[in-house]
Amino acid sequence: MPVYNSDVAEIFNQVADLLEIEGANRYRVRAYRDAARTIATMSRNVSDMVEEDEDLTELHGIGEDLAGKIKEIVGTGDLEQLEEIEQRTPPALATLLEVEGLGPKRVKKIYEELEVTSVEELKEAAEEDEIRDLYGLGPKTEDKVLEDVERWSAVEERTRRDVAEERVEPLLTYLRDLEGVRRAEAAGSYRRKKETVGDLDVLAISGKGGDVIAQFVAYEDVEEIVSEGETRSTVVFRSGLHVDLRVVEEGSYGAALLYFTGSKQHNITLRNIALEQDLKVNEYGVWDTSGDPEEPEQVAGETEEEIYGLFDLPWIPPELREDRGEVAAARRGDLPNLITLDDVRGDLQMHTKASDGRGSLREMAEAARDLGHEYVAITDHSGYIGVTQGLEADELAERMDEIDEMNEAMGDVRILKGVEVDVLEDGSLDLPDDVLEKLDVVVFAIHSHFDLSADKQTERIIRAMDNPNVHILAHPTSRQIGKRSAYDVDMGRVMDAALERGCFLEVNAQPDRLDLDDLHCKMAKERGLKVAISTDAHTQDELRFLRYGVGQARRGWLEAGDVLNARSWDDLRDLLER
DNA sequence: GCCGTTTTCGGCCCGACTGTTTTCAGTCG
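Structure follows, in structure tokens:
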């Protein structure tokens, strides 16, 4: 059985949770979490590294001990240490840590004094008013626990980026219009352009915190006020989205923006650099601690650029702030020049009424032209999947004539002849070669048999790429955020095969797909494999989804040169020759 | 448990808020 990075990370996180409840040294606990994170976010497969006998201690946060444990997990699928811990401490206690207001200390207390080991028992204990009698806890904590447990199953944990966007932008407008507010921005994972956000972090500059907070909690979308202080408040929107507002003074704006944008790990890395220079970074600024430690002197804080500059670093774009090597790259002067929406010159996947889209050929082309695109590929579905009413070969031929006429009529945007052809279970394609070879762009996709083994799925995709007529693998893992997980596939092999055959992978910009994800984008870049950022639009409005795809590509360190459709049609056409 | 242009030992980010306290621990981000 293959051991994936996520398996190793999960075991380490479980060890960390249980050790923490047992009251182990917090830095030891953190070491397990750091290691889990390193393994989970690296683009290589750790079991490959073990197999090739590479030195695991080269990895950040992995020393001799954890390297040995990784080898054990890769070899056996389990960790003996975890089994031993689970003899002492019930594994389900780790789940209780996820309940709001419960940390390791309280979980330990509730377990030891009330023998609670599961969420169900926790709920019962709270309903029997047993929690409030414990020393250090009280009725409010008990109520909060009960409320959170009851809400748990109903609420989805993270909010998709587009859904968050719909609520953030009006809130920012509201805040900016308040008296005394000079700026308001969303920070956090939203600013880092993550595909989903947990809580939403919003920052406002104002001299008078209390007033702004009072107006914030009175905002129309607020359903519940979780906390309300002088400079900080947390509320829950009607949609269930948690929103944090922090109010800071102008001189601290850059420091606060940096701090609340995160990621946490990025900030920790910066703070450690600061410590080497006798500087302290907090959300109010950067402070020189070499003089009187009681009264440090503020040396920066108004802008992010100024703060990075103190550490001899260029400003690092928020999308890169994930502690995935961006600080080291910045130090070397080696930060990528990230692709922007303006760099994109066309769109290589969209649908019309001819299959499951809503706009006509002309409507889609005109909408794309209005966005400034130089070219668009019309890629209606092939016939295999009944629900999407795909095109048969003869219909596709008619379509090509139509496109020729439209190109002559319009002139200001080039319409490319394309298709999104289905890959059948055995890796063959749903349209004959003599049809495919006449097209400018052949997008190929998996829409069925998601449950094949990783080996079979990988072989299936590679076999499809063996056909010299295909160009771009659409939504390469077929995951749908919050709905369907990626199918099992060896993405490294798929990428290598694409590179050998002159094929490309897509970053599908639909906000519920964003597939390839950020780590896969980075993986492609490291191999020198180019990607297309395509909207897969089914309506004219969806052509604007490009911004989500660009956001994901930026998180994956991609530059204009890594992206097919950041090229002119002439250059792109050369690349599509196989 | 990890790590090192001070260090192989002694550190490991730091402040706000809440609820429970009677001066602060626990949790959170």
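In the numbering used here, the protein residues as written are 10 to 587.
Quick reminder that beta carbons are idealized off the backbone N, C-alpha and C, glycines included.
{"Check": "Within its chain, find whatever has a CB closer than 7 Å to the CB of Ala163; leave out the 5 residues flanking it on each side and keep chain order.", "Outcome": "The pLDDT assigned to Ala163 is 49, lower than 50, so where the model puts this residue is not dependable, and the model offers no usable value."}
{"Check": "Starting from Ala546, follow its DSSP beta bridges and name the residues at the other end.", "Outcome": "Met359"}
{"Check": "How big is the Cα-Cα spacing for Asp439 and Asp16?", "Outcome": "36 Å"}
{"Check": "Bridge partners of Arg587, per DSSP?", "Outcome": "Bridge partners of Arg587: none, in fact."}
{"Check": "For the 8 Å Cβ check, are there 3 or more pairs between the stretch 450 to 457 and the stretch 400 to 417?", "Outcome": "no"}
{"Check": "So, for Glu73: in the same chain, excluding its five sequence neighbours on each side, which residues have a beta-carbon less than 8 Å away from its beta-carbon?", "Outcome": "Thr66"}
{"Check": "Is it the case that the stretch 221 to 238 contacts the stretch 259 to 274, given that we only count it when at least three CB pairs across the two stretches are under 8 Å?", "Outcome": "no"}
{"Check": "Between which two residues does the beta strand (DSSP E) containing Arg191 stretch?", "Outcome": "Val190 to Ala195"}
{"Check": "From Leu347 to Val12, what distance separates their C-alpha atoms?", "Outcome": "33 Å"}
{"Check": "Would you identify the three-state DSSP class for Lys447, choosing helix, strand or coil?", "Outcome": "coil"}
{"Check": "Counting along the chain, where does the beta strand (DSSP E) carrying Tyr384 start and finish?", "Outcome": "Tyr384 to Ile387"}
{"Check": "Could you check where the alpha helix (DSSP H) with Glu429 kicks off and where it finishes?", "Outcome": "Segment Arg423 to Asp431 is the beta strand (DSSP E) holding Glu429; no alpha helix (DSSP H) there."}
{"Check": "Could you tell me which of Gly501, Leu461 and Lys426 sits nearest to Val479, measuring between CA atoms?", "Outcome": "Lys426"}
{"Check": "By how many angstroms is the C-alpha of Leu573 removed from the C-alpha of Gly70?", "Outcome": "36 Å"}
{"Check": "Can you give me the Cβ contacts of Trp324 inside the same chain, cut-off strictly under 7 Å, excluding the 5 residues immediately before and after it?", "Outcome": "Glu313, Glu314 and Tyr317"}
{"Check": "Apply the 10 Å Cβ neighbour rule to Pro4 and answer buried if 16 or more other Cβ atoms are within range, or exposed otherwise.", "Outcome": "No answer is possible for residue 4: it lies beyond the span of the chain, which begins at 10 and ends at 587."}
{"Check": "Beta-carbon within less than 6 Å of Val231's beta-carbon, same chain only, minus the 5 sequence neighbours each way: which residues are those?", "Outcome": "Val244"}
{"Check": "Starting from the C-beta of Ile394, find all residues in its chain whose C-beta is less than 8 Å away, skip the five residues before and the five after it, and write them out in chain order.", "Outcome": "For Ile394, the predicted structure reports a pLDDT of 47, less than 50, and the residue's modelled location is therefore unreliable. A value from the coordinates is still provided. Once the five neighbours on either side are set aside, the close Cβ partners of Ile394 are Asp431, His456 and Ser457."}
{"Check": "Using the C-alpha atoms, what's the distance from Leu187 back to Gly511?", "Outcome": "55 Å"}
{"Check": "Answer yes or no: do Gly501 and Glu468 have a C-beta to C-beta separation smaller than 8 Å?", "Outcome": "no"}
{"Check": "Compute the beta-carbon to beta-carbon distance between Arg201 and Glu292, rounded to the nearest angstrom, for a pair I have assumed lies under 8 Å.", "Outcome": "In fact, because the Cβ distance is near 17 Å, the residues do not count as touching under 8 Å."}
{"Check": "Please state whether the Cβ-Cβ distance between Glu383 and Ser248 is less than 8 Å.", "Outcome": "no"}
{"Check": "Considering only the beta carbon of each residue, do Ser242 and Glu535 sit closer than 8 Å?", "Outcome": "no"}
{"Check": "By the DSSP assignment, the alpha helix (DSSP H) with His275 in it spans what residues?", "Outcome": "Lys273 to Glu285"}
{"Check": "Just how far apart, CA to CA, sit Val177 and Asp87?", "Outcome": "43 Å"}
{"Check": "Do you know how far the Cα of Ser56 is from the Cα of Thr85?", "Outcome": "11 Å"}
{"Check": "Measure from the alpha carbon of Ala45 to the alpha carbon of each residue in Val83, Asn14, Ile387 and Asp220, then state which is nearest.", "Outcome": "Asn14"}
{"Check": "Using the C-alpha atoms, what's the distance from Ala569 back to Thr349?", "Outcome": "8 Å"}
{"Check": "Taking DSSP's pairing of strands, which residues face Asp297 in a bridge?", "Outcome": "Leu288 and Glu306"}
{"Check": "Starting from the Cα of Val540, find the closest Cα among Asp287, Gln358 and Asp521 and give me that residue.", "Outcome": "Gln358"}
{"Check": "Mind checking whether Gly216 and Glu258 have CB atoms under 8 Å apart?", "Outcome": "yes"}
{"Check": "Identify, in the order they occur along the chain, each residue of the same chain with its Cβ nearer than 6 Å to the Cβ of Trp566, setting aside the five sequence neighbours on each side.", "Outcome": "Pro345, Lys531 and Lys534"}
{"Check": "For Asp352, which option in Arg563, Ala339 and Val24 has the closest C-alpha, if you only look at C-alpha atoms?", "Outcome": "Arg563"}
{"Check": "Can you tell me whether DSSP reads His456 as helix, strand or coil?", "Outcome": "coil"}
{"Check": "For Pro99, which residues of its own chain have a beta-carbon under 7 Å away from its beta-carbon, when the five flanking residues on both sides are left out?", "Outcome": "Thr126"}
{"Check": "Quick one: using the 10 Å Cβ neighbour count with 16 as the cut-off for buried, is Pro113 buried or exposed?", "Outcome": "buried"}
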